[in-house]
Ligand SMILES: Nc1ncnc2c1ncn2[C@@H]1O[C@H](COP(=O)(O)OP(=O)(O)OP(=O)(O)O)[C@@H](O)[C@H]1O
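Laid out in structure tokens, this is it:
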């Protein structure tokens with residue numbers, strides 16, 4: 001009986017510890033986003049463009065699929081920008097000297113942001129272009 005209660009307490013304790021660790025991971029992830037938004041001017045540009053796209057989308061009667069595409073594209077750009085910022089931080093922490101491998105890594109990370117941004121711009125044009133023209137004509 002005492003053993004059973006002890007086992008149950010252990011299980012509850014392990015469950016609480018797991019939840020705490022998930023909460024901590026979530027907190028760390030939010031902190032990462034906050035640090036990146038404060039440190040990178042380009043984040044403000046992305047957030048500004050995101051706000052314009054969302055407000056424009058709300059004016060037009062977009063389908064659920066259109067909204068899904070817009071949200072996915074925005075998330076893709078923000079994800080690429082976060083990875084780029086993280087790689088820049090790591091590069092700075094590793095060395096302040098010129099290094100061809102670091103140059104390649106930084107340029108690839110910038111390429112990821114470029115690819116995600118071009119993709120998002122194309123999706124934005126496809127999704128918002130026609131309804132915007134219809135609204136203006
Ligand atoms: N340690 C390094 N060794 C070699 N090349 C580097 C190094 N640090 C930066 N570079 C080169 O300089 C470019 C700009 O790097 P930097 O980290 O200053 O990015 P940034 O201009 O702040 O870009 P972003 O606007 O994305 O923040 C890199 O893409 C890379 O080509």
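Residue numbers (UniProt numbering): 1 to 137.
Each residue gets a CB set at the ideal place from its N, CA and C atoms; glycine is no exception.
Inter-residue spacing [alpha-carbon to alpha-carbon] between residue i and residue j
i           : j           : result
residue 66  : residue 116 : 17 Å
residue 91  : residue 106 : 8 Å
residue 24  : residue 54  : 30 Å
residue 134 : residue 112 : 33 Å
residue 120 : residue 29  : 24 Å
residue 60  : residue 77  : 23 Å
residue 27  : residue 101 : 32 Å
residue 12  : residue 4   : 12 Å
residue 8   : residue 15  : 10 Å
Reference residue i; option with closest CA among the options
i           : options           : result
residue 81  : 64, 41 and 60     : 41
residue 43  : 4, 98 and 75      : 75
residue 141 : 134, 17 and 36    : Since the first and last residues shown for the chain are 1 and 137, residue 141 lies out of range.
residue 130 : 13, 57, 16 and 27 : 57
residue 49  : 73, 68, 33 and 17 : 73
Where residue i falls, given that 16 or more other Cβ within 10 Å makes a residue buried
i           : result
residue 93  : exposed
residue 63  : exposed
residue 21  : exposed
residue 124 : buried
residue 70  : buried
residue 128 : buried
Supposed close pair residue i, residue j - CB separation, criterion 8 Å
i           : j          : result
residue 85  : residue 39 : 7 Å
residue 109 : residue 87 : 4 Å
Pick out the complete beta strand (DSSP E) segments inside the region 68 to 111, 3 residues or longer, and give them in chain order.
Along the length of the region 68 to 111, whole beta strand (DSSP E) runs at least 3 residues long do not occur.
Which runs of the alpha helix (DSSP H) spanning at least 4 residues fall entirely within the region 37 to 73, listed in chain order?
Runs of the alpha helix (DSSP H) lying entirely within the region 37 to 73 and spanning at least 4 residues, in chain order: 41 to 59.
Which runs of the alpha helix (DSSP H) spanning at least 4 residues fall entirely within the region 6 to 35, listed in chain order?
Correct list: empty.
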